[in-house]
Every structure is written in C-alpha cells, then in structure tokens.
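J.: So the number in our numbering is just where the residue sits in the sequence shown, counting from 1, plus 532.
All C-beta atoms in this analysis are idealised placements derived from N, C-alpha and C, irrespective of residue type, glycine included.
Below is the structure I would like to discuss, written out as structure tokens.
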Amino acid sequence: MSNSTLSVDELRSRVDDLGVVLGEGSTAGYVRFGPEFALGSVEIAFGDDRAVYEESAFPGVVYPSESLAATVVVSGDGTVAVVDATDTEHAQEALSGAMETLAELGLVGDDTSSETVVPAEEIPFTLDPPEVETLGYDADGE
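What follows is the structure, encoded as structure tokens:
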C-alpha cells in the first residue's frame, strides 16, 4: 500500500477532469485493503458501461453510483474512496456496496483486513499504480 495521499478536493478535481459529473455532496471517506487491485479487473467488476478507467489519464477506476448518488474511486494500491456523498451514511453505504462488488469477483475476501475512515479530508491514493496480475480474463470475458 502506498503512503501517498491526495486531498479530497484534488481527487475530486482529477475525477472531474475525466468528464465524470460529480454530485453536490461533500462527504468523503475511504477503505484501505491489504491487497493491491488490478484496475482492469476492477473496471470489469463495476461494469464497463458505468465505470471509467482511462489508464493514461488517471490511475484509478471511477464509478458513479446511480443508487446512492455518490462516486466511488478505486486506486490500484488497495484504496476504495467515495468523494461526493451527501452525508456520512451515504458514504458508508457507497463504500459497502463497492466492497461487496469487489468481493463478489474475488478481489477482496472475507479475511481481508481493512481500515475505514469516514469522513475524510485526505485520501490515501497512489498516482503510480502497482503492476498487479488480472483475474485471468479480459473485458471480453475471455
């Protein structure tokens, strides 16, 4: 895991630069996991139609959640963040939903240790994602 951090405002700005429309909420938080994530696999987990992953422009996967009006951002170093929740409860729900999605695909397990921080003013987020093996298939399911 990285020791790098970004302010919530900086992370929101980088997500905005990708053309993702952020919500009006100002509550942010994160969960840090021990394992690093293969971002291509994270994109597949969230669904190619909603997830934004532009490796050359931003070292993370951005997932605007329709159900919670919150945007989830995943770093390759094992951090899952929410940057625009309307309140602490919505931030927790968005993080829990993201963790469930990642667990369903086997990217995190029940025994995976994690640290949850809500609300947060800074997010641990590496701008230099680690090289991590994918789950053995690509976006075409092969």
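#1: Between which two residues does the alpha helix (DSSP H) holding residue 565 run?
#2: Check the C-beta distance from residue 656 over to residue 539 and give it rounded, since I have them as a contact under 8 Å.
#3: Once you ignore the five residues that flank residue 569 on each side, which residues in its own chain have a CB closer than 7 Å to its CB?
#4: Could you have a look at residue 629 and say whether DSSP puts it in helix, strand or coil?
#5: Does the region 612-620 come close enough to the region 578-588 to have 3 or more Cβ pairs within less than 8 Å?
#6: Going by beta carbon distance, what residues of the same chain come within less than 6 Å of residue 575, once the five residues before and after it are set aside?
T.: Straight from the coordinates:
#1: Run containing residue 565: none in the alpha helix (DSSP H); it sits in the beta strand (DSSP E), 559-565.
#2: Actually they do not touch by this definition, with Cβ atoms about 12 Å apart.
#3: 606, 608, 610, 639, 664
#4: helix
#5: no
#6: 583, 585, 593
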